[in-house]
Amino acid sequence: ATIKAWRSAILHCTANPAEVGTDQAFEYFEDGLLVEKDGIIQALGNAEEQITLLDSTIEVEHHPEALIVPGFVDTHIHYPQSDMIASYGEQLLDWLNNYTFPEESKFADKQYASDVAERFLAELLRNGTTTALVFGTVHKQSVDAFFEAALPLNLRMICGKVMMDRHAPDYLTDTPETAYEDSKELIERWHNHGRLHYAVTPRFAPTSTSEQLAAAGKLLSEYDDLYMHTHLSENRQECSWVQELFPDSKNYLDVYDQHQLLSERSVFAHGIHLCDQEYNRLSETGSAIAFCPTSNLFLGSGLFNLEKAELHKVNVGMGTDVGGGTSFSMFNTLNEAYKVIQMQGQNLDPIKSFYLATLGGAKALRLDGKVGNLAIGSEADFVIIDKHATPLLSKRLERAKDIKDTLFALMILADDRAIQATYAMGQCVHQRDA
Ligand code: GUN
Ligand code: FE
Numbered sequence: 002a003t004i005k006a007w008r009s010a011i012l013h014c015t016a017n018p019a020e021v022g023t024d025q026a027f028e029y030f031e032d033g034l035l036v037e038k039d040g041i042i043q044a045l046g047n048a049e050e051q052i053t054l055l056d057s058t059i060e061v062e063h064h065p066e067a068l069i070v071p072g073f074v075d076t077h078i079h080y081p082q083s084d085m086i087a088s089y090g091e092q093l094l095d096w097l098n099n100y101t102f103p104e105e106s107k108f109a110d111k112q113y114a115s116d117v118a119e120r121f122l123a124e125l126l127r128n129g130t131t132t133a134l135v136f137g138t139v140h141k142q143s144v145d146a147f148f149e150a151a152l153p154l155n156l157r158m159i160c161g162k163v164m165m166d167r168h169a170p171d172y173l174t175d176t177p178e179t180a181y182e183d184s185k186e187l188i189e190r191w192h193n194h195g196r197l198h199y200a201v202t203p204r205f206a207p208t209s210t211s212e213q214l215a216a217a218g219k220l221l222s223e224y225d226d227l228y229m230h231t232h233l234s235e236n237r238q239e240c241s242w243v244q245e246l247f248p249d250s251k252n253y254l255d256v257y258d259q260h261q262l263l264s265e266r267s268v269f270a271h272g273i274h275l276c277d278q279e280y281n282r283l284s285e286t287g288s289a290i291a292f293c294p295t296s297n298l299f300l301g302s303g304l305f306n307l308e309k310a311e312l313h314k315v316n317v318g319m320g321t322d323v324g325g326g327t328s329f330s331m332f333n334t335l336n337e338a339y340k341v342i343q344m345q346g347q348n349l350d351p352i353k354s355f356y357l358a359t360l361g362g363a364k365a366l367r368l369d370g371k372v373g374n375l376a377i378g379s380e381a382d383f384v385i386i387d388k389h390a391t392p393l394l395s396k397r398l399e400r401a402k403d404i405k406d407t408l409f410a411l412m413i414l415a416d417d418r419a420i421q422a423t424y425a426m427g428q429c430v431h432q433r434d435a
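Residue numbers (full-length UniProt numbering): 2 to 435.
The structure is reproduced here in C-alpha cells:
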C-alpha cells in the first residue's frame, strides 16, 4: 500500500451552513496534514499533531503558500457544448436552434466526440473540478466517448445520452423506443463501472413526447440507483411552451412528476421560475436543483432564488452549464452567483458558496461520504490552490482577515491560474506548471 501526505492550509465543509450555521459548517487547519492511502483519506488534522503519528518513511509534500480544498463538484454541464461556449446574441430557444443543435450533430462521429471529451475533461481538471453530472448528445457513442475518456483518469463522473424525440432537427432526434434501447445498452455497459454512473437524460419537456418521458420513467424503475438529469423552468418562453404542450400538467415540474421522474437522484438544471408547489415537490422527493449563474445571466434567463430553495429545504448544487454557461471555473461560477444573490438584495456567504461547490454538490448527487469533503474514509479528490497565482490575488490575500475573507477573495478573483494541481483518488491528474 502506498501512503502519501500533503502539508498545507486545508479547508473543507462538514455540514450544510444553512442548517448548522456557517461557523459550524467547516473545518480549517492553518497548517494541516492530509494523509492518503490507496486513494482514500486516512487522516486529516493539524500538521504538528498528525506528523508525530506518521511513519517517518512516508513522503510529505509541503505547500506552505497554498490552500488545499476538496475537488469541486459541477452538478450540470454539457460536454458536447465545450467548443460553442460564448455563442453571441440569443436567449435559450433560439440559442438551441441556431448554435446548439448544429454543434451537437457533430457527435454522430465517434472520433469527434472522443476528441472533445478528452479536452473537456482536461479543462475540468485545469479548473479543479473532479466530479460532474454531464449531458452527452442524442448519439449513444457520445456517451461511450465520454466514459472511455474518464475511465483512465479514475474520476467520479455521471453522464447520459440525451433523449429527444420532437422539436429538434431530424438528424438529432431519437424515438421513445430507440431512446429506451440505447440508454439501456449504455446503462449495462457503464453504470457503476468503477467510479462512473449513468443518468437518464431527457433534454427537457419540450423535446420529449409523453411516450418518451414514460420510457425514461420505465428505465428508472428498472435499476436501483440511476440518476435522472434534465432542465427545468429556465426561460419564460420555455415555461409557456411547456404549459401549451402539456395542458394537463399543474406546472412545469408536474410534467416530469407525472412520468415518475422525481427521486433522490433527480437533478434539475436552473429552476428559476418555480411556484411554491414545485419547491415543495422537489423537497418531498429529495430532488436537487443545479444553480447555474453564468448561464442564467449569459442567456438572460433570470435570477435563481436560493433563499426560497433553502426555505423549502431543496438540495442545491452549483452548475457551470457550459456552453450556455461561460466558464468551467467554479471560482468564476461562485463570483457570478454572488452577484445574482446581490441583485436580490442579499449576500451569499463565502462559506455557503464554497459548500455549494463542494459538499452541497456532492449531497445533491448523493455522493457525500465519497466526494465533496476531506473526511476520513472519503475518496482523495482534492485541489491545491496557489495563493500567489497572480499579483493581484497575492496582494489581496496578504491582507485577508480570516479564512472566510480568503475564500471570498478567491471566488471573486481566482480562476484556472490558481489551480496548481488536481488529484483524483490520490493521483495527480493535473499539474499547472507541468
Ligand atoms: N434546455 C434544453 N436544452 C438546453 C441546453 O442545452 N442548455 C441549456 N442551458 N438549457 C437547455
Ligand atoms: Fe444545460
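Cβ atoms here follow ideal geometry from the backbone N, Cα and C, with glycine treated the same way.
Distance from the CA of Glu37 to the CA of Ser241, rounded to the nearest whole angstrom, comes to 51 Å. Residue side-chain check: Asp322 places its Cβ nearer than 7 Å to a non-hydrogen atom of the ligand GUN. Between Val201 and Leu227 the beta-carbon gap is near 6 Å, inside 8 Å, which marks them as a contact.
Residue side-chain check: Leu246 keeps its Cβ at 7 Å or more from all non-hydrogen atoms of the ligand GUN. A distance below 6 Å between beta-carbons, with the five flanking residues on each side excluded, links Asn336 to the following residues of its chain, in chain order: Met412 and Ile413. Sequence-distant partners of Gly378 (beyond 5 residues in either direction) whose C-beta falls short of 7 Å from its own C-beta, in its chain, are Ile41 and Ile42.
When the Cα atoms are used, Gln244 and Ser395 turn out to be separated by approximately 51 Å. Where Glu311 is concerned, the enclosing alpha helix (DSSP H) starts and stops at Leu307 to Leu312. For the alpha helix (DSSP H) assignment, the uninterrupted runs of no fewer than 4 residues enclosed by the region 293-347 are, from N- to C-terminal side, 294-299, 307-312 and 331-343.
In this structure, Thr76 sits away from Leu12, with a CB-CB distance that is not shorter than 8 Å.
Shown here, Arg367 sits in coil according to DSSP, grouped into three states, outside any helix or strand. Take the alpha-carbon of Ala6 and the one of Phe27: they are about 21 Å apart. No residue range can be given for Thr359, since it is assigned to no alpha helix (DSSP H) and is classified by DSSP as neither H nor E. With distances taken between CA atoms, Gln343 lies nearest to Phe305 out of Gly361, Glu50 and Phe305.
In this structure, Gly318 has its beta carbon at no less than 7 Å from each heavy atom of the ligand FE.
A buried status is given to Asn155, since no fewer than 16 other beta-carbon atoms sit within 10 Å of its beta-carbon. Non-local C-beta neighbours of Phe299 in its own chain, meaning closer than 8 Å and more than five positions away in sequence, comprise Gly325, Gly326 and Thr327, ordered along the chain.
Taking 4 residues as the shortest admissible run, the region 140-214 contains the following complete alpha helix (DSSP H) segments, listed from N- to C-terminal end: 141-151 and 177-191.
Proximity to the ligand GUN was defined by a C-beta distance below 6 Å to any of its heavy atoms, and the residues meeting it, in sequence along the chain, are His79, Leu93, Leu97, Thr101, Arg204, Phe205, His232, Glu235, Ser296, Asp322 and Gly325.
Its chain contains Ile342 as the residues whose beta carbon lies nearer than 7 Å to that of Asn348, once the 5 sequence neighbours on both sides are disregarded; these appear in chain order. A straight-line Cα-Cα distance of about 10 Å links Ser302 and Cys293. In the three-state reduction of the DSSP assignment, Phe30 falls in the strand class, which pools E and B.
With a cutoff of 7 Å, His77 counts as near the ligand FE, since its C-beta is closer than that to a heavy atom of the ligand.
With contacts defined by Cβ atoms closer than 8 Å, Phe205 and His230 do not form a contacting pair.
Secondary structure at Val256: helix, using DSSP grouped into helix, strand and coil. Between the beta-carbon of His389 and that of Arg127 there is about 18 Å, and that puts the pair past the 8 Å contact cut.
Gln92 sits in coil when the DSSP states are folded into three classes, being neither helix nor strand.
Taking C-beta atoms as the reference points, Asn99 and Glu91 count as a pair closer than 8 Å.
Per the C-alpha coordinates, the member of Leu54, Asp255 and Tyr181 positioned closest to Ser222 is Tyr181. For Ile52, the uninterrupted alpha helix (DSSP H) segment begins and ends at Ala48 to Leu54.
Cβ neighbours of Asp350 within its own chain (closer than 7 Å, five residues either side excluded): Pro18 and Thr23.
Beta-bridge partners assigned by DSSP to Lys5: Glu37 and Glu60.
By the Cβ rule, the region 250-257 does not count as touching the region 141-157, because fewer than three pairs are nearer than 8 Å.
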